[in-house]
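Position in the sequence shown (first residue = 1) + 19 = the numbering used here. Below is one structure, written out as structure tokens; comments come after it.
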Amino acid sequence: MSLLDKIDTKNIPSHIAIIMDGNGRWAKERGLDRTDGHQEGVVAVRRIVEAASRAGINFLTVYAFSTENWNRPNKEVEALMELMVYAIVKETPDLIKQGVRLLVIGDSNRLPTKTRAALDNCINETANGTTITLILALSYSSKWEITEALRNMLNDIQSKRLRVDDLNEKTLSNYLTTKGIPDPDLLIRTGGEKRISNFLLWQLAYAELYFTNVFWPDFDAEHLYQAILDFQCRERRFGKTSEQIEKEQKE
Ligand code: FPP
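Put into structure tokens, the structure is as follows:
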């Protein structure tokens, strides 16, 4: 029996965000190169997209490459970019078949032309997917995103397209790369570390956090369902009291 059968279909997180950590350590444990860990990481992404679709998740955001990852050794960065192109090109037909819509967030100006072209092509070809939206955070960091949002907002204020009086949380959200995407309900981080690492800082304000020691290449459908079951045991109060939440649920 799969844990999928235990999931309450009336309380599915609409959006799950994942920090996929542990590829390097997974490879090291096996005497392999770090790149082998990333390759196995791609297999895990594929597995988890399918598993998430089966569970009825609408949005899945995966942290594939952070702004800070540009500081890794050149060899590893190049290998990751190559792997990204290879995986995207290879998977596009299957993504279309599965009804997956691909979106990318992050500083695409820093990506190699080949990587950008492969991503743009996949985004266009999967634009009509309605089963699940897969959001790749690539060359992404939250501080970069918020700085860009501020820059664009100030430009709009200067050119009178936006008034200071109209500024509110919703306005700021609309300047972020995640405009139109609901905030994540659940953040999963694999690989044992318990931090957010500059990922979706604004958007995760009320997400439930789930940390697991499992390395990303080993993370499978059952691990995902376990995280969803854990989420379903949490009481999401959004700053209110338990009593208020109970009352609202009865109404
Ligand atoms: C973190 O593990 C993982 C990354 C920095 C890269 C993750 C990228 C992928 C799984 C490829 C995704 C590709 C597509 C097309 C979706 P780490 O290297 O920091 O591991 P460590 O902490 O054990 O060293």
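Positions of the beta carbon are idealized from the N, C-alpha and C atoms, including for glycine. Values in this document were obtained by computation on a predicted structure and should not be read as measured data.
Open item on the list: On the DSSP letters alone, give me the boundaries of the beta strand (DSSP E) that Ile-151 sits inside.
Closed with: For Ile-151, the uninterrupted beta strand (DSSP E) run begins and ends at 151-159, by DSSP.
Open item on the list: At a threshold of 7 Å, does Leu-99 count as lining ligand 1 (C-beta to nearest heavy atom)?
Closed with: Checking every heavy atom of ligand 1 against the Cβ of Leu-99, one is found closer than 7 Å.
Open item on the list: From the DSSP secondary-structure annotation, give me the bridge partner or partners of Glu-227.
Closed with: Assignment of beta-bridge partners to Glu-227 by DSSP yields Leu-205.
Task: the region 77-88 contacting the region 251-263, beta-carbon criterion three pairs below 8 Å - done: Verdict: no, contact absent.
TODO: Indicate the three-state DSSP secondary structure (helix, strand or coil) for Tyr-105 in the structure shown.
DONE: Three-state DSSP puts Tyr-105 in a helix.
- [ ] Check each candidate in Ile-207, Ile-264 and Glu-241 and name the one with the smallest Cα separation from Glu-227.
- [x] That would be Ile-207, whose Cα lies nearest to the Cα of Glu-227.
TODO: Could you check how far apart the C-beta atoms of Ala-98 and His-34 are, in whole angstroms? I think they sit under 8 Å.
DONE: Ala-98 to His-34, Cβ: 30 Å. No contact.
Open item on the list: By DSSP's criteria, Tyr-82 is part of a beta bridge. Which residues make up the other side?
Closed with: Paired residues: Ile-38 and Ala-156.
Task: Simplified DSSP assignment, three categories, for Val-233 - done: Reduced to three states, the DSSP call for Val-233 is coil.
- [ ] Please look up how many angstroms separate the CB atoms of Asp-204 and Pro-32, rounded, as I've assumed it's under 8 Å.
- [x] Right, their Cβ atoms sit about 4 Å apart.
Task: Residues of its chain near Ile-26, where Cβ-Cβ distance is below 8 Å and the 5 sequence neighbours each way are ignored - done: The beta carbon of Ile-26 is closer than 8 Å to those of Ala-74, Tyr-244, Ile-247, Leu-248 and Gln-251 in its chain, skipping five residues each way along the sequence.
TODO: Measure the CB-CB distance between Phe-218 and Ser-161 and report whether it falls below 8 Å.
DONE: Contact: yes.
Task: Backbone CA spacing between Glu-69 and Gln-177 [nearest angstrom] - done: Glu-69 and Gln-177: Cα-Cα distance of roughly 45 Å.
Task: Straight-line gap, Met-20 to Thr-28 (C-alpha atoms, nearest Å) - done: One C-alpha to the other measures close to 17 Å.
Open item on the list: Pairs of beta-carbons, one from the region 167-186 and one from the region 134-141, closer than 8 Å: are there three or more?
Closed with: Contact between the region 167-186 and the region 134-141 is not established, with fewer than three Cβ pairs separated by less than 8 Å.
TODO: Examine ligand 1 and report whether any of its heavy atoms sits within less than 7 Å of the Cβ of Asp-239.
DONE: For Asp-239, the Cβ stays outside the 7 Å cut-off from all heavy atoms of ligand 1.
Open item on the list: For a quick check, are the C-beta atoms of Thr-197 and Gln-222 less than 8 Å apart?
Closed with: With contacts defined by Cβ atoms closer than 8 Å, Thr-197 and Gln-222 form a contacting pair.
Task: Alpha-carbon spacing of Ala-36 relative to Val-123, whole angstroms - done: Between Ala-36 and Val-123, the C-alpha separation is close to 13 Å.
- [ ] Report yes if the C-beta of Asn-217 is less than 7 Å from at least one heavy atom of ligand 1; otherwise report no.
- [x] It does not: the Cβ of Asn-217 is nowhere closer than 7 Å to a heavy atom of ligand 1.
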